[in-house]
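To start, the structure under review is shown below, and the notes come after it.
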Amino acid sequence: MANSRRRHARVARPAGTRHRAPTRPAEPGPVLELDVDRIAHGGVAVARHEGRVVFVADAVPGERVRVRVTDAGHDRFWRADTLEVLDASPDRREHVWAEASVDRAPEHRVGGAEFGHIAMRRQRELKGEVLHDALARMGGLEREVDVRPVDPALAPGVDPESGTGWRTRVRLHVGADGTVGPYAARSHRIVPVSSLPLAVAELEAIAPIGADGRPAGAGTGADSGASAIDLVAPSTGAAELVVRNPGDRRRDHPPTIVERVGERRFTLDRGGFWQVHRGAAATLTRAVQEAVDPDRFDPEADNQDLYGGVGLLAAAIGDRFGPSTRITTVEADARATEHAGANLADWVGARAVSDRVDRYLDRLAGAADAASRGLRGATVVLDPPRAGAGRAVVDRLAGLRPAQVVYVACDPVALARDVATFREHGYELETLDAFDLFPNTHHVEAVARFAAIV
Ligand SMILES: C[S@@+](CC[C@H](N)C(=O)[O-])C[C@H]1O[C@@H](n2cnc3c(N)ncnc32)[C@H](O)[C@@H]1O
1 MANSRRRHAR
11 VARPAGTRHR
21 APTRPAEPGP
31 VLELDVDRIA
41 HGGVAVARHE
51 GRVVFVADAV
61 PGERVRVRVT
71 DAGHDRFWRA
81 DTLEVLDASP
91 DRREHVWAEA
101 SVDRAPEHRV
111 GGAEFGHIAM
121 RRQRELKGEV
131 LHDALARMGG
141 LEREVDVRPV
151 DPALAPGVDP
161 ESGTGWRTRV
171 RLHVGADGTV
181 GPYAARSHRI
191 VPVSSLPLAV
201 AELEAIAPIG
211 ADGRPAGAGT
221 GADSGASAID
231 LVAPSTGAAE
241 LVVRNPGDRR
251 RDHPPTIVER
261 VGERRFTLDR
271 GGFWQVHRGA
281 AATLTRAVQE
291 AVDPDRFDPE
301 ADNQDLYGGV
311 GLLAAAIGDR
321 FGPSTRITTV
331 EADARATEHA
341 GANLADWVGA
351 RAVSDRVDRY
361 LDRLAGAADA
371 ASRGLRGATV
381 VLDPPRAGAG
391 RAVVDRLAGL
401 RPAQVVYVAC
411 DPVALARDVA
421 TFREHGYELE
431 TLDAFDLFPN
441 THHVEAVARF
451 AAIV
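Note that UniProt numbering numbers the sequence shown so that position 138 is 138, with each residue one more than the last.
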């Protein structure tokens with residue numbers, strides 16, 4: 001290890017040019033020098049100190065770093081911030097967002113770009129390692145996972161080399177003193193910024209940030225009691241800036257936008273859910289189409305798109321298997337369901353239902369009788385929020401015995417936990433693909449296929 005560290009230091013930067021951060025004032029935790037050996041879920045690296053695990057922010061596996069402990073409140077692990085990189089990994093690079101760099105004091109580092117100091121290839125390897133470890137630990141499976149970059153043809157304007165220019169949604173927070181910016185890492189402290197490198201160019205252009213990080217642009221709401229500013233860049237139409245006030249109520253008819261994926265158009269509320277990376281919707285459309293096993297697909301079965309949003313993945317299935325395919329898209333948000341119904345209206349076999357997935361599956365189970373096939377023979381697309389589907393949903397779904405489930409997951413640990421539950425029900429993980437839909441962050445998107453083997 002000592003040799004490899006020395007080699008890293010030589011390759012990474014000339015002698016005497018260490019990354020330095022100003023010492024953090026009045027922090028309670030001790031300062032330690034640690035060797036970091038691997039990455040953990042959540043984008044932090046893992047080191048050990050006197051037998052205890054220390055989760056270290058802003059380090060790269062293989063490095064020796066000086067850290068300050070920020071949270072010593074747990075018996076089994078501590079948390080720490082990197083203050084100085086003593087022996088740099090060859091995978092360390094200049095941070096893509098200067099305001100998130102280890103050169104700044106930890107409390108002034110902006111959040112949301114916790115891998116921005118790591119070479120792109122290595123970021124993807126680390127995400128693959130996290131998926132592999134989660135599946136091994138919680139899912140009982142050994143799988144090597146190759147995390148793929150977004151195909152540049154699906155994401156015009158995004159820079160694949162630096163992993164910048166991809167975010168089509170950004171929330172900036174507004175402080176009581178008018179400060180505008182993202183939150184600092186792991187906190188609700190607002191950090192003024194002079195750039196938003198992860199955002200698409202249209203959003204950087206309208207963002208109310210000044211060259212000195214102070215609010216810029218009249219009428220942004222930064223001086224009028226606003227609590228947040230949302231920046232939205234749909235794939236059709238102009239980018240928009242939306243000021244949020246603390247008392248804002250949800251409107252009956254909020255403004256809508258139109259997103260385009262290939263030849264298809266999807267209308268949704270301007271503040272509604274849509275995949276954030278410029279190329280994500282097209283990437284997932286293709287990935288879901290490829291993940292479905294055509295030999296197990298029955299267009300007449302009661303196919304499902306659960307957690308369907310405005311119908312993106314139901315459309316992916318319809319476009320692959322034809323407009324007479326039957327599919328029901330199920331979504332808890334009534335407005336999104338309304339849009340899904342309209343977005344899929346040209347397709348006779350599609351319907352949109354507004355319900356919670358667990359309740360909907362209970363109703364299906366209740367209705368299944370000798371005259372109904374239930375979900376037998378069906379293909380189910382499952383795209384839950386970050387927490388995953390969870391046992392309650394997987395138990396119900398597997399009990400209805402669909403032929404195959406294509407699971408779109410944005411959290412490796414939630415996926416691994418649900419893998420274990422599917423396996424208890426006799427469903428095996430057949431295929432697993434992963435995509436770097438969140439470059440320069442620790443997040444990764446996976447698309448898995450399960451099929452009933454017993
Ligand atoms: C990750 S998004 C996926 C949306 C859609 N598949 C897409 O790719 O655009 C998850 C969706 O699940 C919805 N949702 C969250 N909890 C739900 C629940 N318990 N039942 C049904 N839908 C839910 C959210 O409103 C959101 O639209």
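By construction, the Cβ of each residue, glycine as well, lies at the ideal position given by its N, Cα and C atoms. Given the structure is predicted, the values throughout are model-derived calculations rather than measurements.
With contacts defined as CB atoms closer than 8 Å, Tyr307 and Asp383 qualify as a contacting pair. Per DSSP, Asn343 is not a residue of any beta strand (DSSP E); the alpha helix (DSSP H) it occupies stretches across 334-343. In the three-state scheme derived from DSSP, where H, G and I count as helix and E and B as strand, Tyr183 is classed as strand.
For Val288, the enclosing alpha helix (DSSP H) covers residues 280-291. C-alpha of Thr164 to C-alpha of Tyr407: approximately 27 Å in a straight line. Less than 8 Å separates the beta-carbon of Pro61 from that of Ala45. Judged by the Cβ position, Glu331 qualifies as a neighbour of ligand 1 at the 7 Å threshold, a heavy atom of the ligand being closer than this. The criterion of a C-beta distance shorter than 8 Å is not satisfied by Val258 and Pro294. The residue from Val310, Asn245, Pro254, Pro246 with its alpha-carbon nearest to that of Arg264 is Val310. In this structure Gly377 is not in contact with Ala350, their Cβ atoms being roughly 18 Å apart against a cut-off of 8 Å. Of the candidates Leu364, Ala228, Leu284, Gly279, Gly279 places its Cα closest to the Cα of Ala153. Counted as a single uninterrupted DSSP element, the stretch harbouring Phe438 is not any alpha helix (DSSP H), since DSSP gives it neither H nor E. Under the DSSP definition of a beta bridge, Val380 partners with Gln304, Val405.
Membership of Ala228 in the beta strand (DSSP E) is indicated by the continuous run 228-232.
With 16 or more other CB atoms across the displayed protein chains lying within 10 angstroms of its CB, Val232 is buried.
For Pro149, the enclosing beta strand (DSSP E) starts and ends at 147-149. Here Phe266 is bridged, per DSSP, to Glu259.
Val180 places its beta carbon 8 Å or farther from that of Ile118. A direct Cα-Cα distance of roughly 17 Å separates Asp159 from Ala98. As computed with DSSP, Arg68 is found in a beta bridge with Val31, Asp81. Note on geometry: alpha-carbon atoms of Glu290 and Asp151 lie some 15 Å from one another. Under the three-state reduction of DSSP output, His74 falls in the coil class, being neither helix nor strand. Glu445 has Phe435 as its beta-bridge partners, per DSSP. Within the same chain, Cβ atoms closer than 6 Å to the Cβ of Arg122 are found at Asp91, the five residues on either side in sequence being excluded. Straight through space, the alpha carbons of Pro439 and Gly73 are spaced by roughly 31 Å. The C-alpha of Phe450 is placed about 24 Å away from the C-alpha of Ser324. The three-state reading of DSSP puts Glu129 in helix, counting H, G and I together. Looking at the backbone, the Cα of Gly157 and that of Gly374 are separated by about 45 Å. In the displayed model, His49 falls within a strand according to three-state DSSP.
The Cβ atoms of Thr256 and Asn303 lie no closer than 8 Å to each other. Judged by the Cβ position, Gln289 fails to qualify as a neighbour of ligand 1 at the 7 Å threshold, every heavy atom of the ligand being at least this far.
For Tyr407, the shortest C-beta to heavy atom distance toward ligand 1 is 7 Å or greater. At a Cβ-Cβ threshold of 8 Å, Gly139 and Ala420 count as neighbours. In terms of Cβ geometry, Ala315 and Leu344 form a close pair [threshold 8 Å]. Residue burial is scored here from C-beta neighbours: Arg335 has at least 16 other C-beta atoms within 10 angstroms and is therefore classed as buried.
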